[in-house]
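Novice: Residue numbers (UniProt numbering): 1 to 1130.
Got a structure for you, written out below as structure tokens; questions coming shortly.
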Amino acid sequence: QNNHLHLFTINIGKNNTGLFLGYGNGSFQDGLMNSTGSSSSTSFVLFDLNKDHRLDAIIVNNDTGNINILHGYFQGFPIPIKFNIKSASWFIINHDLNHDKILDLIVTSDKNDIIICLGFGDGSFTRKVTYQTVYHPQHAAVGDFDNDDNVDIVVVNAQEAYIYIYFGKGDGTFPTIRTYSTYFYPYFVAVNDLNNDNQLDIVIVDHFYTDNQLYTVDIDHFYDDTTSVFLGYGNGSFAFPMIYLTGFGPRSMSISDLNNDDNLDIIVTIYFSNTINIFYGYGNGSFHEQIIYPVDDYYPYFVTTAHFNNDTFVDVVVTFYYSRSVCILLGFGNGSFEQKVTYEVDLYPLYVEIGDMNNDTYLDIIVACSDSTSIYILFGYGNGSFSDAQSYYTNMGSYAVTIGDFNHDQRLDIIVPNVKSNYIGILLQNNKGILRNHLTYASGGSSKLRSMLIEDINNDTYLDLITANYGTNDLTFLFGDENMNFQNEIKIKLNTNSHPSSITFGYFNSDRQLDIAVVLVDSNQIGMLLGNGNGSFILQDTFQNCSISPPLIVSANDFNDDGQSEIVVVYDQSDSIDMFSTFNRGTFVISHKYPLGVAPINVVVDYLNNDSYIDIIVVDLTSNDMRIFYGNGNGSFTGPSIYSTGNSPVCVAVGDFNSDYRLDLVVGDYDSTFYIFLANDNDSFSNSTAYSVDSPVQHLAVGDFNEDNRLDLVVITSSENIILFQGFGNGSFSLNEIKYQTGDDPEFIIVADFNNDSHLDFGVANFGSDNVGIYLGYGNGSFTKQVTYSVGFYPGSLAVADLNHDNRLDIVATTNLPGTVTVLLGYGNGSFSYPKLFSVGEIPKSVAIGDCNNDNYPDIIVANKYSNSISVLLGYGNGSFRTQIEYTNVLMPISIAVHDFNNDNQLDVVVASFEDVNLIIMFGHSNFVFEKQTTLLTDTNSQSRSFVINDFNNDHYMDIIVANSGTNNIGIFYGYGNLTFTNQITYSTGNNSHPYSVAAGHFNADKQLDLVTANFGSDTISIFLNNDNNSFSNQTTYSTGSSSSPYSVAVGYVNNDNKLDIVVINYNNNKIGIFLGHGDGTFDDIILFAMPYGSHPTSLALANFSLDGKLNIAVINNGTDSLSLYLQPC
């Protein structure tokens, strides 16, 4: 359809048709060769069979005894050409601005100017000049306003009450500018001769509010907006505008004769009242008061007019902003219209152009949607109806679109502005195409490719490939570029002999970045890699109970609508399917070690120097000192600063003892003394003040027990006494009370308000009597008698927190035998429940509580001295805990504390290692794993090979359909939306069919998902149409060829006719097969494309790698251990 003659041939051999496109000068392009499945075609004829103004071919084949019909069709657009205009752009129109019969561009930009781009006639442009406007040039139109035969431009600015007119000289420049004030803020402009004086007039719609204010207005209390008419005098000047009230929120308008009275009328979309309003013209430039037409849809935005059904009456097109639709109103010629017909596009359709895009003499509709990276075309049938919208990729955020023949090939092209970058997109139409092999990726090194994924994983707009390599125990990431070369490659190594075989994408950690689940065959587990959106992934440690059978296939979806994906796994030689959810178990990794003295015994953390960075204090039993490590805020520490103590210090506590707003320290030692270190203002501490007690200090704690705003001390000693010291607020203390605890052997004390009376209490770990003693405070420095609660054997350390989210404090105690922690849940009145014991390591010496995995549930962290480990018990939030996670890389941990040391929102741990004599910092990290949730039973010997996940009964819950190769059927599990499912419902695929693959799609336009299976055993595909009552029709089969063994199947729009097609790969005859769909659930016979001999393809995926709107085919070849990519070229 470019008025050039072309050649079409039929041939003997594999590629039995050839098309040679002519240049019009006697030369031709290289032939586009294709196969219809015959190798001996004898005759053909060319004719427009389907009356679409395109030639079709009828071919007679001698060897197959059949006739092939090949239809010519519109081929769309290649990758958009980017043209840099040095500014983001709002709006665009085209016209010949310099009398060279070549279309030029006028672009409004976000820099508040208009840009003139002159065309070269080959689809390229030069950025000629810019002209300043004011605030937000929203829309523009062209016309000769001063009758000098040169094009002028009128621009409306959405945030200034003026229109700007730029008068052209006919050479692409516009040196003269004239402004006219408007009633309100103008939003849209159109040009026509409204009063039949042969002079162009201007019409605008304008808002009382600026565009920024418009959406904040109470629509029940608003000012009427207006439509303004400026009648032209023909000399570039205009009369004072005539104003017509429109209601609230006019968005666009069109000028046409809607009632066939030979007078132009104005039609306006009213955004907030969901109407279109018509002003019928009198032919003298004035108009009747508006007539309002409700449109029964939300937020009409753009309107234009055309003749769609050849009845000479004007028809109307309206877009609806939020309902992602376009409606057609066919006119009766008297100002009334037929019932609207609606066509779906994408979110926020903002602008429409009308033209014959496919040269079939029928008008088509081109739609720009602001929230889409595609342009949509509704192809007209000439009777007022249209095809479903077909998308063409632009990779631009476009508020408008303009069409024209920009390269003089007699085909309409498309240009779009871009609000997100400095480029506009130029889509030049092409009209040719077959399937061809673009590249083959040979993995090398006996990778044994097993499966692949296709997605833009680094957000560069180009599709990438990921392969699972069974032989080399790794994943390969091939990053696409604009030439689809996939030269940038990285590998992520998995565990030795893990043998990855199947991979899938999912959203596993709520960051909305794509993650990967991978089947690890030899370890019988599923691994996880978390993505960060830039193409890199973090391999998570795998902690799962191994399955009995090796996992075979994995897929993912969100089955309970919680925003996180679950995975579904089928197994080799198993009769069940498992579902796993994701869980952040957290992990800790040693990041820093700092040498200590001889025998560190106790570690605490606090903010000592008021720099907002946490610091660490350690006391050393043998070197008789206290060491302070000052934090840098990034997880590292300076120091230590060392202070001498008495003999054998055993514990340290922190508090402001002299009311100077600096934290001080108290250290207790075995020399029957505790020492007060008061802080100076230079990050140092004064010489200590000593206080004697009756025997060696076991432990001590700090609190204001008499509520005088002065900190007091409570000390437990080896003579089994609890001693209270009253603080004076100046750093000094006096003995207040001694409580005798003979036989209890108290070892540890902790201060908290256990009965919610706002008075401090304390709890004691009684090592000798295997209980925890609670002393409730009166707020005056005195306490009740001890009430004890049994725990495990030999409690030694305590921690306090609300473990079950009831706003009551609970207690965790380390209990040495048999290596447990005991949980006492508090009732909030100072009493506690029956103890719960949880296993940890051997001789737990220290305990802390914190949220290790950021699930908002408290977890327990324990230092196990004799098992050389740290135990983490993850909480359920109800006072119970998971089985411990044990870290065995710390020698004799004696004391721990927790805090986020490096400010990454992950809890970290500091450990005093008694044997290693180091202060060890363990950074916390997220570590997501899969946990089994549900098991679904298939039939005995089902040998499930593939499944598809989607909502098949339109109840908004995800369902699972599985291909059971052993029992020759498909099984359906309907989901309830809570990770539970119905029992399996089966449909036969035929005796010995052995379905290896299943896919889903809308085959017959009834809004119900249908199914197709690839039947390896019977050399067929089976179609199951959905009946809309939780059932499917019996299969309809299509042959894939003798001894073909179809292995994998996928669905997509291969020929861009908006009717879903089926693609299958045949293992034994090494071919790709395509079944073109009719849109009614039936398909053409297979079209075969040969692959290299011995390919033996096993995995298939469809994607638009070339960003040209055409589906490409990616195939993994088991026979050649390679990946092939087949493209539909331009």
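The C-beta atom is built at its ideal place from N, Cα and C for all residues, glycine as well.
1) Go ahead and pull the three-state DSSP assignment for Cys546.
2) Excluding the 5 residues preceding and the 5 following Val189 in the sequence, name in chain order all residues of the same chain whose CB lies nearer than 6 Å to its CB.
3) Report the rounded CA-to-CA distance for Leu118 versus Ile255, giving the unit in angstroms.
4) Does DSSP put His592 in a helix, a strand or coil?
5) Classify residue 1132 as helix, strand or coil using the three-state DSSP reduction.
6) In angstroms with no decimal places, state the Cα-to-Cα distance between Val1063 and Gly1001.
7) With DSSP collapsed to three states, give me the class of Leu1107.
8) I need the boundaries of the beta strand (DSSP E) containing Lys340, first residue and last residue.
9) Here's the rule I'm using: 16 or more other beta-carbon atoms within 10 Å means buried, otherwise exposed. How should Ile548 be labelled?
10) Could you spell out the range, first to last residue, of the beta strand (DSSP E) harbouring Gln933?
11) Secondary structure at Asp694, three-state DSSP: helix, strand or coil?
12) What's the C-alpha gap between Cys369 and Ser325?
13) Can you name, in chain order, every residue of its own chain whose Cβ lies under 6 Å from the Cβ of Gly631, other than the five neighbours on each side?
14) Do you know offhand how far Ile292's Cα is from Thr275's?
15) Relative to the C-alpha of Gly1017, which candidate in Ile403, Leu465 and Tyr1067 has its C-alpha closest?
16) If you follow the beta strand (DSSP E) that Thr17 is part of, which residue opens it and which one closes it?
17) Given that a residue counts as buried once 16 or more other Cβ atoms are within 10 Å of its Cβ, and exposed if not, what is Val598?
18) Which residue comes first and which comes last in the beta strand (DSSP E) that contains Gly773?
19) Might you give, ordered along the chain, the residues of its own chain that have their beta carbon closer than 8 Å to the beta carbon of Tyr423, omitting 5 neighbours on each side?
20) Report, in whole angstroms, the separation of the C-beta atoms of Ile1086 and Thr1040, which I expect to be a contact under 8 Å.
21) Near Tyr957, what residues of its chain come up, given a Cβ to Cβ distance below 7 Å and the 5 sequence neighbours on each side ignored?
22) Could you tell me the boundaries of the beta strand (DSSP E) in which Ala863 lies?
23) One question on the structure: do Pro649 and Gly668 come within less than 8 Å of each other, judged by their Cβ atoms?
24) Would you verify that the beta carbon of Thr980 is, or is not, closer than 8 Å to some beta carbon of chain B?
25) With C-beta atoms as the reference, is Ser323 less than 8 Å away from Asp364?
26) Under 8 Å between the Cβ atoms of Arg450 and Ser398?
27) Could you check what DSSP says for Phe208 in three-state terms: helix, strand or coil?
28) Residue range of the beta strand (DSSP E) that Lys1071 falls in?
29) Using the rule of at least 16 other Cβ atoms within 10 Å of the residue's Cβ for burial, across every protein chain shown, is Asp257 buried or exposed?
30) Cα separation between Val569 and Asn1117?
31) Taking the straight line between their C-alpha atoms, what separation do you get for Gly655 and Leu803?
32) Does the Cβ of Arg512 have 16 or more other Cβ atoms within 10 Å, making it buried, or fewer, making it exposed?
33) For a test of the three-state rule: what should DSSP assign to Pro1097, helix, strand or coil?
34) Let me know the secondary structure DSSP gives Gly830 once reduced to three states.
35) Counting beta carbon pairs with one atom in the region 331–341 and one in the region 350–360, are three or more of them shorter than 8 Å?
36) Tell me which same chain residues have a C-beta within less than 6 Å of the C-beta of Gln1008, skipping the five on either side of it?
Specialist: Taking the geometry as given:
1) coil
2) His139, Ala141, Val154, Val156 and Ile204
3) 28 Å
4) strand
5) What is shown of the chain runs 1 to 1130, which leaves residue 1132 out entirely.
6) 12 Å
7) coil
8) Note, Lys340: premise wrong, no beta strand (DSSP E); not H, not E.
9) exposed
10) Phe928 to Leu937
11) coil
12) 10 Å
13) Tyr613, Ile614, Asp615 and Phe637
14) 6 Å
15) Tyr1067
16) Thr17 to Phe20
17) exposed
18) Asn771 to Tyr775
19) Lys82, Phe83, Asn84, Ile85 and Met396
20) 6 Å
21) Asp951, Gly975, Tyr976 and Gly977
22) Asp859 to Asn864
23) yes
24) Looking at the structure shown, chain B is missing, and only one protein chain is on hand.
25) no
26) no
27) coil
28) Lys1071 to Phe1075
29) buried
30) 23 Å
31) 26 Å
32) exposed
33) strand
34) coil
35) no
36) Asn1026 and Asp1028
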